[in-house]
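Enquirer: To start, I am sharing the structure in question, which I have written as structure tokens.
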Amino acid sequence: MVKRSLVKLSNNKKERLEKILSISEYVKRQDYSDKKLEGKNIALLFEKPSTRTRSAFEIAVKDLGGNTVFLDKEEIHLGYRESLEDTAKVLESYFDGVGFRGMRHEKVERLDQHTSIPVWNLLTDKFHPTQVLSDFFTIEEVFEKDLSDIKLAYIGNGINNVLNSLIVGAAKTGMNMRIVTPEELRPDRKLMVKSRNIARKQNSTLKCFSNVEKGLEEVDVVYTDVWVSMNDPKSEWDEMIDKLSPYSVDNEKMDLTSENSVFMHCLPALHDKETILADKICERHGIECLEVSDNVFRSDSSIVFQQSENKLHTLKSLLIDSFD
Ligand code: CP
Ligand code: NVA
Numbered sequence: 004m005v006k007r008s009l010v011k012l013s014n015n016k017k018e019r020l021e022k023i024l025s026i027s028e029y030v031k032r033q034d035y036s037d038k039k040l041e042g043k044n045i046a047l048l049f050e051k052p053s054t055r056t057r058s059a060f061e062i063a064v065k066d067l068g069g070n071t072v073f074l075d076k077e078e079i080h081l082g083y084r085e086s087l088e089d090t091a092k093v094l095e096s097y098f099d100g101v102g103f104r105g106m107r108h109e110k111v112e113r114l115d116q117h118t119s120i121p122v123w124n125l126l127t128d129k130f131h132p133t134q135v136l137s138d139f140f141t142i143e144e145v146f147e148k149d150l151s152d153i154k155l156a157y158i159g160n161g162i163n164n165v166l167n168s169l170i171v172g173a174a175k176t177g178m179n180m181r182i183v184t185p186e187e188l189r190p191d192r193k194l195m196v197k198s199r200n201i202a203r204k205q206n207s208t209l210k211c212f213s214n215v216e217k218g219l220e221e222v223d224v225v226y227t228d229v230w231v232s233m234n235d236p237k238s239e240w241d242e243m244i245d246k247l248s249p250y251s252v253d254n255e256k257m258d259l260t261s262e263n264s265v266f267m268h269c270l271p272a273l274h275d276k277e278t279i280l281a282d283k284i285c286e287r288h289g290i291e292c293l294e295v296s297d298n299v300f301r302s303d304s305s306i307v308f309q310q311s312e313n314k315l316h317t318l319k320s321l322l323i324d325s326f327d
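Below, the structure is given as structure tokens:
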């Protein structure tokens, strides 16, 4: 059987992404009843916390007849007493696949190189491909249009794992995408050059804007993520928050977009002061929210919980495709 990992979207043909999105539809409608993972054991190796991805992945495997073992970095030898390569060899002797959430992207690449079983990237510092599968499926569901007919603006920190995967995904599917971020926080240049070349072949564009009004004008989707990610050093947070305050998504910004536009966020979001983290940051900076205001987050245009539900269906679909 051909090994079908998902380490980053750029390794995958557009056809595979489209296939996963279309299987998700059957899965969500409950038209798929095959126990595709019967007798299969899947490891979930996590170096960072997760609510959605872990839950959705574990349920997806179980619904497909398989079994999961959760391996928390703190409870195994990886990195301290045992190398990644040796761990990879051990895992392949017990498991049929590994879902990995890690600090450095290089690790998931190495894990994939050192095992014969598929490896799925469930978030690293550089990419979050399975998030984008869920996001794209959600956009198709909401707009009932081809992704190439959608204009999406990502607003916020341009140095971001979810954004990187959105860029690659948009380029492959022909979605028109704008990145609205301060000049000094623009995404990795190499990634932009490569992605723009791919986008050009699809007749679509990937543009960066530091001007919010221009960037959000008439877009169908406004997407944001946290300004400080799980990896980001605390010493840089204050500066980042000050730089990004003008990019917080509020009603005025949503008014710049097209009539039926939606708001998206991969979650978790800092939209009010109900979390320890947001409360501390808001207090220190004298602000009410971070990347999105509470009223936009809770508005009818917000489809954030549809995105998180769809993680279950798209992860299931990814597993079905990986063992096809
Ligand atoms: N969006 C996302 O990956 O959420 P978790 O960190 O909860 O898995
Ligand atoms: N950029 C965020 C995404 C969380 C799902 C992080 O890496 O923390």
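The C-terminal position of the sequence shown is numbered 327 in my numbering, with every residue numbered one higher than the one before it.
Where a beta carbon is used, it is the ideal one built from N, C-alpha and C, also for glycine.
Could you spell out the range, first to last residue, of the alpha helix (DSSP H) harbouring Thr176?
Expert: Residue numbering aside, residue 176 sits at position 173 when the sequence shown is read from its first letter. In the DSSP assignment, Thr176 falls within the unbroken alpha helix (DSSP H) covering 164 to 176.
Enquirer: Kindly indicate which residue of Pro132, Gly218, Arg199 has the alpha-carbon position closest to the one of Asn14.
Expert: Working through the sequence shown from its first residue, we reach residue 14 at position 11. Selected option, being the one with the closest Cα: Pro132.
Enquirer: Would you list the one or two residues that DSSP bridges to Val252?
Expert: Locating residue 252 in the sequence shown gives position 249, counting from the first residue. Residue pairing for Val252: DSSP places it in a beta bridge opposite Val295.
Enquirer: Which value, in whole angstroms, describes the spacing of the CA atoms of Asp228 and Val101?
Expert: Looking up residue 228 in the sequence shown gives position 225. Looking up residue 101 in the sequence shown gives position 98. Taking the straight line from one Cα to the other gives about 26 Å.
Enquirer: Taking the C-alpha atoms as reference points, what is the distance between Arg7 and Asp324?
Expert: Here residue 7 corresponds to residue number 4 of the sequence shown, with the count starting at 1. Here residue 324 corresponds to residue number 321 of the sequence shown, with the count starting at 1. Answer to the nearest angstrom: the Cα atoms are 8 Å apart.
Enquirer: Give a yes or no on whether the C-beta atoms belonging to Pro185 and Lys246 are separated by under 7 Å.
Expert: By one-based count along the sequence shown, residue 185 stands at place 182. By one-based count along the sequence shown, residue 246 stands at place 243. Between Pro185 and Lys246, the C-beta gap is smaller than 7 Å, which places the two residues in contact.
Enquirer: The ligand CP and Arg192: does any heavy atom of the ligand fall closer than 6 Å to the residue's C-beta?
Expert: The count along the sequence shown starts at 1 and reaches residue 192 at position 189. Incorrect: Arg192 has no Cβ contact closer than 6 Å to the ligand CP.
Enquirer: Once the 5 residues before and after Val30 are set aside, which same chain residues still bring their CB inside 7 Å of it?
Expert: As a working note, residue 30 is residue 27 in the sequence shown. Here Val30 has His316, Lys319, Ser320 as same chain residues with Cβ atoms under 7 Å from its own Cβ, once five neighbours each way along the sequence are excluded.
Enquirer: Could you spell out the range, first to last residue, of the beta strand (DSSP E) harbouring Met180?
Expert: Counting from 1 along the sequence shown, the entry for residue 180 is found at position 177. From DSSP, the beta strand (DSSP E) with Met180 extends over 179 to 183.
Enquirer: Below 7 Å between beta carbons: does that hold for His108 and Ala91?
Expert: Against the sequence shown, residue 108 aligns to sequence position 105. Against the sequence shown, residue 91 aligns to sequence position 88. No, these two residues do not count as a Cβ contact at 7 Å.
Enquirer: Pull up the distance between the alpha-carbon of Asp235 and that of Asn163, whole angstroms please.
Expert: On the sequence shown, position 232 is the one that residue 235 refers to. On the sequence shown, position 160 is the one that residue 163 refers to. If I take the Cα positions, the gap works out to 10 Å.
Enquirer: Which runs of the alpha helix (DSSP H), 4 residues or longer, sit entirely within the region 64 to 132?
Expert: Within the region 64 to 132, the complete alpha helix (DSSP H) runs of at least 4 residues are 87 to 97, 108 to 116.
Enquirer: Under DSSP, the beta strand (DSSP E) around Ile290 begins and ends at which residues?
Expert: Working through the sequence shown from its first residue, we reach residue 290 at position 287. Where Ile290 is concerned, there is no enclosing beta strand (DSSP E), given that its DSSP letter is neither H nor E.
Enquirer: Which residue from Glu187, Phe300, Lys237 puts its Cα closest to that of Ile284?
Expert: For the purposes of this step, residue 284 is taken as residue 281 along the sequence shown, with counting starting at 1. Among Glu187, Phe300, Lys237, the Cα nearest to that of Ile284 is on Lys237.
Enquirer: I need the straight-line Cα distance from Val299 to Leu155, nearest angstrom please.
Expert: Here the question's residue 299 lines up with position 296 in the sequence shown. Here the question's residue 155 lines up with position 152 in the sequence shown. The alpha-carbon atoms of Val299 and Leu155 are separated by roughly 17 Å.
Enquirer: So Phe103 and Val72 are in contact, right, with Cβ under 8 Å, and what is the actual spacing, rounded?
Expert: To locate residue 103, count along the sequence shown from 1; it is residue 100. To locate residue 72, count along the sequence shown from 1; it is residue 69. Not quite, the Cβ-Cβ distance comes to about 13 Å (not below 8 Å), so this is no contact.
Enquirer: Looking at C-alpha atoms only, which residue of Lys11, Glu187, Lys256, Asn44 is the closest neighbour of Leu136?
Expert: Position 133 of the sequence shown holds residue 136. That would be Lys11, whose Cα lies nearest to the Cα of Leu136.
Enquirer: Hey, would you say Tyr157 sits closer than 7 Å to Tyr250, going by beta carbons?
Expert: Counting from one through the sequence shown, the residue named residue 157 turns up at place 154. Counting from one through the sequence shown, the residue named residue 250 turns up at place 247. No. Outside cutoff.
Enquirer: Taking only the alpha-carbon atoms, compute the straight-line gap between Ala63 and Arg55 and give it to the nearest angstrom.
Expert: If you number the sequence shown from 1, residue 63 lands on position 60. If you number the sequence shown from 1, residue 55 lands on position 52. For Ala63 and Arg55, the distance between alpha carbons rounds to 12 Å.
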